[in-house]
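Visitor: At position 57 of the sequence shown the residue is numbered 85 (this note's numbering), and the sequence of numbers has no breaks.
Beta carbons are placed, not taken as given, at the ideal position from N, Cα and C, and that holds for glycine.
Below you'll find the structure I mean.
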Amino acid sequence: MSASRLRVGQGFDVHRFSDDPDRRLVLGGCTFEGERGLVGHSDADAVAHAVADALLGAAGLGDIGQRFPDTDPRWAGADSVGIAREVATLLAAQGWAVVNVDCSLVCERPKVLPRRDEMQAILSAAVGAPVTVTGRRAEGLGAIGRVEGVACFAVALIERVEDPS
Ligand code: MG
């Protein structure tokens, strides 16, 4: 296999915590009970958004803001794991297979490790390839360190399995 059949993409997303007590915190498709939710048009799942952006970037298909605009009522309160799933379907239709995605979720809270396996299972099922998630703390530095929000970085590798028609 020639290296040109492989493409890498990166994704990044950040959302701030909401003061709205009705917002639920959803990360990697997991709901964290008793935690403040994040501000966003969709469910504000920064992990799923970073995964979707990494995949779109790898395939050269733009970004999540173009594909799933926050002005579109279809995505209001949307389950963002579904967005990641749609992106994987879009890539498949263009002859790409997802090899894997790796995410770094940067937050002071919630604690990531207890839910990591669950997030990985949900995201892996959505994109049809292994998705790994690690939690990182910001060590009290900056906005994330002040617990004003969460950020997520993702790197995706995709492979061309069908030549474009
Ligand atoms: Mg987002």
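Could you tell me the boundaries of the alpha helix (DSSP H) in which H77 lies?
Guide: Its alpha helix (DSSP H) spans residues A74 to A87.
Visitor: If you draw a straight line from the C-alpha of G68 to the C-alpha of H43, how long is it?
Guide: 7 Å
Visitor: Quick one, are the C-beta atoms of W124 and R188 less than 8 Å apart?
Guide: Contact: yes.
Visitor: My assumption, with CB atoms under 8 Å, is that I186 sits in contact with V127. Please give the rounded CB distance.
Guide: 6 Å
Visitor: Just checking A106 against the ligand MG - is the residue's beta carbon closer than 7 Å to any of the ligand's heavy atoms?
Guide: Outside the cutoff, so no.
Visitor: Strictly by DSSP, which residues pair up with D47?
Guide: BP columns for D47 are empty, so no partner.
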